[in-house]
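Residue numbers (our numbering), protein chains in the order written: chain A, 1 to 298; chain B, 1 to 644. The structure under discussion appears below in the form of structure tokens.
Right under this line is the structure:
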């Protein structure tokens, strides 16, 4: 894949809207460096740091109604924030990602990774990007600060579609290398011959807060090509003869729904967040609405 | 195997069904020939799962739902069925070589409930069949030109129109056909049909599949229908809808043995309807009505009626159904001759034989004169001459002769062995001959007998192991009976068979003398007529008024053969003598006018088409066209491929 212009990855208008966001974590992670966030570590920080007064604009979901009942004052439950939040973005670069319209699934994943990276860098979080191929290769080593943005964008622009990938092998390499816990955002189509369950279980080895974003193209969800076809797998080059009838089309759509639902149920049942995206959905709305609802961004 | 034959009977070439074996081949080809368009997809993972789900739920669903495969199988089926040359039975004829069998028997004169004669209906159907012959139609263009032959059948089978494709000739032949008064007899139909319906293949005769026989009849065919058993393609159209008929099926006049000239007239009636019928039978002689009897005839059965006629009644007796209105009037009347008793001049040449004299003198027909052997001289006016133990020489004048224990003159042809046969034992006698019927000769013992060597053509009436004991030899003008033993050296004169034999013998000679052996004849039967000795010519007037002349020079008997019409045939001889010959239908087969819907011919069941000419029409060209159309549709669908 030829290297593209890094400036096209992130739209300036989107950047302006992302300025208001920050990465949120629901867990306490022990950071290695002092960050811009207020520390919630016990013994080091201010006492009673678990709550603070409610101010207008705070998320009402975090108001502690038990305290309000006792004291008739609004207090907001504060999440413990690390000083130095490690934010890992893993992008699937397998050949199956090189499909889709209006942009390919890979393009979509890259733009999303750039936007999330921008939010993290702007908030002085440590961001690392891993390209997900046969080896979970780390293409952007964890770094902090808005100054790293050009480098991040350059790196993202330089990622190319890899060869055959195995989700499990890639994540094993990633988990082995990235020992610092934090937030992991995995952007993939989860179409892996080896299955996704064994691979995602590897995240339990570290105390990650995991977000799985499954990107599919509209053609994958609702294919229109019918007739006697020989389907060739882009990754394995294996041929599958199918005669696509209306009946088979309906069966395929059901299979896609069941598969996505199985990924979602597996993730949610194990404390991971799941988000389904289609390449024809605007990235802006995905970031500004869906990911905020999921609690990744604030 | 009969069911197999009937299963494939609508197909001319059922072997083509073997081509159905190509069906699996199509399936194989279908699976092989699929040329798939390669399409690169991100992953085949979900496609595989989808296909597996479909296949797991219904292993043959893909095959079943494949429209193209089914269309191809349909094409194969259509082509295979077309190759079997199936035939449809349709109104109207579109065959190749058609032989039309038209029933002209008497029952075709019956009038059905709509008042129309059956034969007219049959003619109309035959004309329909002629109109149905193809001439330049699609079918005609693809096959041979249609031909038809018309054959009429009643008591004989005669071609009415040879094979032709000229419709005008066929129409005029059918229009000219008329029903007869005779009984159906198809026994000679087999030979005529064989020529047209059989093919000689490698020396063996085989049914010709391209020839068809269409029979239009009311179904009263009788046992002779079996001659149609070899006809492969036989279509049967049945006409008629009524069974309402009572008619005469037999009549006879017998003289009673009471020693006087009394007669009894026997008649049998048949009722073909489904219920018993009471009819009044009227007996008349000449213009005079003599008797009237009420007879109940059971359903589909016969009933006899007997009239006793007094002395002196002679002439043509007529029995008819009084005030009977049924669908078939032809058999409502029957006629028989009651001949006037003729006196037989009889010369007995004997030295004295009380047995003979006794038996002859008690017969009222015999006018007996006895002469001694030495006093005998041949006389031309004697009807009967009996030689008892003696013979004569020279030419015998025309007449009837009986030689007892003596040989006729050499000119007759009898001779005898030198030694007599001692105690010959009777082993057989002719039980059907008019002279020896009704008698049992088993107990007759004979001391000895001549070893007779009869001339060629003589009939043995009573036989012993070694010789004929009683022999009959008939020349044109002489009827000679020889008894080879002496009556007095046997027990025969005291046996009951003795008077019966002589009564039969005189009756036989008497009827011959009257010129006819039966009181009445059936239509189609040959009537032997012995003319008076002095007659030279005879003119026969048939019931329809046709006159036929005969030259009688040198003939002792002539035969009236054209008796197709019921009624009285009048024979006028040149000397002013006249005889009347009654000819009646007398056939249960024809009086039973109930239409037969299903014929049984040679073990084959043949159901008739009611009031319509049914025949086959080949439909293979339409099947082939349908296959082509389906092929086009299949091709279009394949091109679109959106229905798969």
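Each residue gets a CB set at the ideal place from its N, CA and C atoms; glycine is no exception.
Residue contact with chain A for residue 41 of chain B: present (Cβ-Cβ distance below 8 Å to some residue of chain A). One Cα belongs to residue 635 of chain B, the other to residue 163 of chain A, and the distance between them is close to 42 Å. For residue 80 of chain B, the enclosing alpha helix (DSSP H) starts and ends at 67-83. The beta-carbon of residue 234 of chain A is placed less than 8 Å from the nearest beta-carbon of chain B. For residue 461 of chain B, the number of other beta carbons within 10 angstroms of its own is at least 16, and it is reported as buried. Against chain B, a Cβ distance below 7 Å from residue 265 of chain A picks out nothing, because the smallest value is about 17 Å.
In the DSSP assignment, residue 578 of chain B falls within the unbroken beta strand (DSSP E) covering 578-584. Rounded to whole angstroms, the separation of the alpha carbons of residue 621 of chain B and residue 628 of chain B is 11 Å. Per DSSP, residue 547 of chain B lies in no alpha helix (DSSP H) segment; the continuous beta strand (DSSP E) that holds it begins and ends at 547-551. For the segment 144-172 of chain A, no residue has a beta-carbon sitting nearer than 9 Å to a beta-carbon of chain B.
Chain B places a beta carbon closer than 8 Å to that of residue 225 of chain A, counting this residue as a contact.
Closer than 8 Å to the CB of residue 242 of chain A there is at least one CB belonging to chain B. Taking C-beta atoms under 8 Å as the contact rule, residue 185 of chain B and residue 224 of chain B qualify, at a distance of about 5 Å. Excluding sequence positions up to five before and after residue 172 of chain A, its CB lies within less than 7 Å of the CB of 202, all in the same chain and listed in chain order.
Here the C-alpha atom of residue 539 of chain B lies approximately 48 Å from the C-alpha atom of residue 208 of chain B.
For the segment 95-125 of chain A, residues whose beta-carbon sits nearer than 9 Å to a beta-carbon of chain B comprise 95, 96, 97, 98, 99, 100 and 105. Interface with chain B (8 Å Cβ-Cβ cutoff): residue 279 of chain A is excluded.
Not one beta carbon of chain B lies nearer than 8 Å to the beta carbon of residue 180 of chain A. For residue 51 of chain B, the closest Cβ of chain A is nearer than 8 Å. Under the Cβ distance rule, residue 255 of chain A counts among the residues neighbouring chain B, one pair being separated by less than 8 Å. For residue 266 of chain A, the uninterrupted alpha helix (DSSP H) run begins and ends at 246-269, by DSSP. In the structure shown, residue 213 of chain A falls within a strand segment according to DSSP collapsed to helix, strand and coil. Contact between residue 146 of chain B and residue 98 of chain B holds: CB atoms are separated by about 7 Å, below the 8 Å threshold.
Taking a beta-carbon distance threshold of 8 Å, residue 45 of chain B counts as an interface residue toward chain A. Beta-bridge pairing by DSSP links residue 569 of chain B to B/581.
Close partners of residue 251 of chain A in chain B (Cβ separation under 7 Å): 50, 53 and 54. In summary, residue 162 of chain B is exposed, with fewer than 16 beta-carbon neighbours lying within 10 Å of its beta-carbon over all protein chains present. Excluding sequence positions up to five before and after residue 144 of chain A, its CB lies within less than 6 Å of the CB of 124 and 126, all in the same chain and listed in chain order. Residue contact with chain B for residue 231 of chain A: present (Cβ-Cβ distance below 8 Å to some residue of chain B).
Considering only B/199, B/428 and B/454, the residue with the shortest C-alpha distance to residue 464 of chain B is B/428. Ranked by how close their Cα comes to the Cα of residue 170 of chain B, the residues B/149, B/588, B/24 and B/187 have B/149 in first place. With its beta carbon less than 8 Å from one in chain B, residue 220 of chain A belongs to the interface. Apart from the 5 residues on each side of it in sequence, residue 287 of chain A sits with its Cβ closer than 6 Å to the Cβ of 115 in its chain, given in chain order.
Put simply, the backbone Cα of residue 396 of chain B is about 44 Å away from that of residue 248 of chain B. In this structure, DSSP gives residue 186 of chain A an extended state, which the three-state scheme calls strand. Listed along chain A are 228, 229, 230 and 241, each with a C-beta nearer than 7 Å to that of residue 36 of chain B.
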